[in-house]
Amino acid sequence: IQLTQSPSSLSASVGDRVTITCRASQGISRFLAWYQQKPGKAPKLLIYAASSLQSGVPSRFSGSGSGTEFTLTITSLQPEDFATYYCQQVHSNPITFGQGTRLEIK
Amino acid sequence: EVQLLESGGALVQPGGSLRLSCAASGFAFSTFPMNWVRQVPGRGLEWVSAIGTSGTTYYADSVRGRFTVSRDNSDNTLYLQMTTLRAEDTGVYSCAKVAEAGTWRTWFDRWGQGTQVTVSS
């Protein structure tokens, strides 16, 4: 299953609301997760099961969608949110990831 | 605190072999399936392999027959034996713990920092 994220990169300002989309090449129900990765660091789980917030993750992060289209929304961007974001599907073997969305400071 | 620490990465010639290790601590290692994921500049994240708690193994098509995943529950260590290495195997290899103990095919709630594998002559 291929996952296509859009946009590939995004410039935004602190306080902005941003949305990242992940489209699956076939239906994956809600078997989707979102990760945040900062340079030189391991990915961090933000959202699982499409919309469940991982423990300890700020509530400005939210996920939605099912089937083939999913979104990650960050409301009121904070300086620490500038990073690369990946979606992941665990519906089918092999597990696959989106190509990533780089969120940069405008 | 959950910790995953990979080691064993190196520069190796095409056709060579390497064994990666992932030392786990801070959780009941034997009760969680584990995964290997690699990150390649320009190709992003690629799932490589998984191993269940009973030792059942799973592989990406690109590595099946060349890589072998194993675990030592007495030592809380995950391994990835890599043989017949190719240039396209170059990347940072990380081990990842699944969030739910019941299945290998689920999201990862902890990742290691990774170890660099470079395949080049």
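Protein sequence lines correspond, in order, to chains A and B.
The working numbering numbers the first residue of the first sequence as 6 and each following residue consecutively.
The working numbering numbers the first residue of the second sequence as 2 and each following residue consecutively.
Think of the CB as a built atom: it goes at the ideal place given N, C-alpha and C, for glycine as much as any other residue.
Collapsed DSSP secondary structure at A88 (chain B) in the structure displayed: DSSP places A88 (chain B) in helix when its eight states are reduced to three.
Identify the residues that DSSP records as bridge partners of N36 (chain B): which are they? The partner list for N36 (chain B) (beta bridge, DSSP) reads B:A51, B:A97.
Taking 8 Å as the cut-off, does the stretch 78 to 94 of chain B touch the stretch 82 to 90 of chain A (at least 3 CB pairs, one atom from each stretch)? Short answer: they don't touch.
Partners in chain A for T107 (chain B), counting only beta-carbon separations shorter than 7 Å: Contact of T107 (chain B) with chain A by beta-carbon distance below 7 Å involves V95.
Run the CB neighbour count on L12 (chain B), radius 10 Å, all protein chains shown included, and call it buried at 16 or more, exposed below. With fewer than 16 other Cβ atoms inside 10 Å of its own Cβ, L12 (chain B) counts as exposed.
Residues in the same chain with beta-carbon distance under 6 Å from Q93 (chain A), minus the five sequence neighbours each way, listed in chain order, please. Within the same chain, A38, F102 come within 6 Å of Q93 (chain A) by CB-CB distance, once the 5 residues on both sides are set aside.
Using three-state DSSP, classify S69 (chain A) as helix, strand or coil. Under the three-state reduction of DSSP output, S69 (chain A) falls in the strand class.
Which of the three DSSP states is assigned to D73 (chain B) in this structure? It is a strand residue.
If contact means a Cβ-Cβ distance below 9 Å, which residues of the stretch 96 to 109 of chain A contact chain B? Of all residues in the stretch 96 to 109 of chain A, H96, S97, N98, P99, I100, T101, F102, G103, Q104, G105 have a Cβ within less than 9 Å of some Cβ in chain B.
Given a threshold of 16 other Cβ atoms within 10 Å of its Cβ, counted over all protein chains shown, does I110 (chain A) qualify as buried or as exposed? Per the 10 Å Cβ criterion, exposed.
Are R44 (chain B) and V93 (chain B) touching if we call contact CB-CB under 8 Å? Their beta carbons are not under 8 Å apart, which means R44 (chain B) does not touch V93 (chain B) by this criterion.
Compile a chain-ordered list of the residues in the stretch 78 to 95 of chain B whose CB is closer than 9 Å to at least one CB of chain A. Residues of the stretch 78 to 95 of chain B with a Cβ closer than 9 Å to any Cβ of chain A, in chain order: S95.
Can you pull out the residues from the stretch 35 to 58 of chain A whose beta carbon lies closer than 7 Å to at least one beta carbon of chain B? Taken in chain order, the members of the stretch 35 to 58 of chain A whose beta-carbon sits within less than 7 Å of a beta-carbon on chain B are A38, A47, P48, L50, Y53.
Can you give the beta carbon distance from T91 (chain B) to V49 (chain B), rounded, assuming they're within the 8 Å contact cut? Contact flag wrong, Cβ pair sits at about 13 Å.
Let me see if you follow: with CB-CB separation under 8 Å, is L6 (chain B) close to chain A or not? Contact of L6 (chain B) with chain A is not assigned, every C-beta pair being separated by 8 Å or more.
Taking 8 Å as the threshold (beta carbon to beta carbon), is A100 (chain B) in contact with chain A? At a cut-off of 8 Å between beta-carbon atoms, A100 (chain B) makes contact with chain A.
With a cut-off of 8 Å, does the C-beta of A24 (chain B) fall near any C-beta of chain A? So no, A24 (chain B) is outside the interface.
Using the DSSP secondary-structure output, state which residues sit across from G45 (chain B) in a beta bridge. According to DSSP, which records beta bridges pairwise, G45 (chain B) is partnered with B:V41.
Span of the beta strand (DSSP E), counted from its first residue to its last, around I52 (chain A): 49 to 53 is the span of the beta strand (DSSP E), which, as asked, contains I52 (chain A).
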